[in-house]
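K.L.:
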Amino acid sequence: MRKLWGLYLGLLDNHPLVTKSLSTGFLMGTGDVLAQRLEHKFKEPINKDDHEKNKFKLDYKRVITMSTVGIFYSGPMLHYWYRSLDIMVKGEGRSVIIKKMLIDQLLFAPVAIGGFMTVTNFINNKGELKNLENFTKELFYAVKINWLIWPAAQIINFSLVPPNLRVLYSSVISIFWGMFLSHISFDKDHHIHNQNKIKEIN
4 MRKLWGLYLG
14 LLDNHPLVTK
24 SLSTGFLMGT
34 GDVLAQRLEH
44 KFKEPINKDD
54 HEKNKFKLDY
64 KRVITMSTVG
74 IFYSGPMLHY
84 WYRSLDIMVK
94 GEGRSVIIKK
104 MLIDQLLFAP
114 VAIGGFMTVT
124 NFINNKGELK
134 NLENFTKELF
144 YAVKINWLIW
154 PAAQIINFSL
164 VPPNLRVLYS
174 SVISIFWGMF
184 LSHISFDKDH
194 HIHNQNKIKE
204 IN
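Residues in the sequence shown are numbered from 4 upward in steps of one, following our numbering.
So, in structure tokens, the structure goes:
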């Protein structure tokens with residue numbers, strides 16, 4: 004394990020952009036596999052007596068999509084963003100860490116999440132984007148969830164994590180964030196489903 008870590012650090016020094024992008028793609032793909040398993044666990048069975056239909060089946064296309072977005076979008080974007088942030092906000096200390104976190108969360112996060120949603124929706128809908136109203140609602144919801152997790156995570160990132168490992172750290176946290184979003188999305192859909200049932204009864 005120590006040799007592998009040393010090899011990774013060497014690749015990070017010699018090929019930072021490529022290494023960070025591939026790492027992000029791998030971790031985003033891993034996160035999606037875990038998210039799919041979580042979604043399946045909380046999903047209401049189609050037919051309780053039909054075990055074959057209720058058996059977990061991994062959506063490989065979805066995993067490939069998430070990995071591709073990680074390699075070509077999230078990884079490179081985070082690489083250049085953290086470098087730019089270090090240039091914009093120089094120095095050390097508590098005030099610098101807080102400034103970086105606020106800039107990251109108030110300016111960068113909504114743009115990054117919006118870009119991520121645009122790319123994934125574009126791929127999933129075969130080149131057709133969702134209407135602006137639905138996109139805005141989904142973006143606002145995603146940003147609110149983001150603010151529950153990432154401010155604290157980024158304070159740790161900017162205060163304790165070396166600059167060359169910040170993208171890796173963010174990608175690792177993103178695994179758990181993706182799983183959390185999947186669970187929240189299921190609860191939200193289930194709540195909407197229950198509301199619709201109540202309206203039908205009334």
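Idealized CB from N, CA, C, for every residue including glycine.
1) Assuming contact is defined by CB atoms lying nearer than 8 Å, are G34 and I178 in contact in what I supplied?
2) Which residue spans inside the stretch 133-187 form an unbroken alpha helix (DSSP H) run of at least 4?
3) Name the residue from G96, I101 and I106 whose alpha carbon lies nearest to the alpha carbon of S87.
4) Count the other C-beta atoms from every protein chain shown that fall within 10 angstroms of the C-beta of M69, then say buried if there are 16 or more, exposed otherwise.
5) Take M120 and list the residues in its own chain whose beta-carbon comes closer than 8 Å to its own, dropping the five residues that flank it on each side.
6) Would you check if the distance between the CB atom of V170 and the CB atom of Y85 is smaller than 8 Å?
7) Put G78 into one of helix, strand or coil per three-state DSSP.
8) Using only CA atoms, which one of W153, G32 and G117 lies nearest to Y63?
9) Can you find the residues in the same chain that come closer than 6 Å, C-beta to C-beta, to Y76, ignoring five residues on each side of it along the sequence?
10) Short check: CB of V92 to CB of K103, under 8 Å?
11) The alpha helix (DSSP H) that contains G34, what's its start and end?
12) By alpha-carbon positions, which one of G28, S98 and K44 ends up nearest to V66?
13) Can you tell me whether N127 is helix, strand or coil according to DSSP?
14) How close, in whole Å, do the beta carbons of Q39 and L61 come, if the pair is a contact with beta carbons under 8 Å?
15) Thinking C-beta only, is L15 closer than 8 Å to N160?
16) Please classify L30 as buried or exposed, where buried requires at least 16 neighbouring CB atoms within 10 angstroms.
17) Cα separation between I152 and G13?
18) Between I158 and the rest of its own chain, which residues show a CB-CB distance below 7 Å, the 5 nearest in sequence each way excluded?
19) Which of the three DSSP states is assigned to F119 in this structure?
20) For L110, does the count of other Cβ atoms within 10 angstroms reach 16, so buried, or fall short, so exposed?
P.N.:
Per the coordinate set shown:
1) The Cβ-Cβ distance between G34 and I178 falls below 8 Å.
2) Listed in chain order, the complete alpha helix (DSSP H) runs (minimum 4 residues) inside the stretch 133-187 are 135-163.
3) Nearest neighbour of S87 by Cα position, chosen from G96, I101 and I106, turns out to be I106.
4) Around the beta carbon of M69, 16 or more other beta carbons lie within 10 angstroms, which makes this residue buried.
5) Cβ neighbours of M120 within its own chain (closer than 8 Å, five residues either side excluded): F138, E141, L142 and A145.
6) Between V170 and Y85, the CB-CB gap stays under 8 Å.
7) DSSP, read as helix, strand or coil, puts G78 in helix.
8) Of W153, G32 and G117, the residue nearest in Cα terms is G32.
9) So the qualifying residues of the chain are V122.
10) Taking the C-beta atoms as reference points, K103 is found nearer than 8 Å to V92.
11) P19 to F45 is the extent of the alpha helix (DSSP H) around G34.
12) Comparing Cα-Cα distances from V66 to each of G28, S98 and K44, the minimum goes to G28.
13) Helix, per DSSP.
14) Beta-carbon to beta-carbon, Q39 and L61 are separated by about 6 Å, close enough to satisfy the 8 Å threshold.
15) No, the Cβ-Cβ distance between N160 and L15 is not below 8 Å.
16) By the neighbour-count criterion, in which a residue is buried when 16 or more other Cβ atoms sit within 10 angstroms of its Cβ, L30 is buried.
17) Roughly 31 Å between the two C-alpha positions.
18) Counting only Cβ-Cβ distances below 7 Å, and skipping sequence neighbours, we find I100 and M104.
19) DSSP places F119 in helix when its eight states are reduced to three.
20) Flag for L110 reads exposed.
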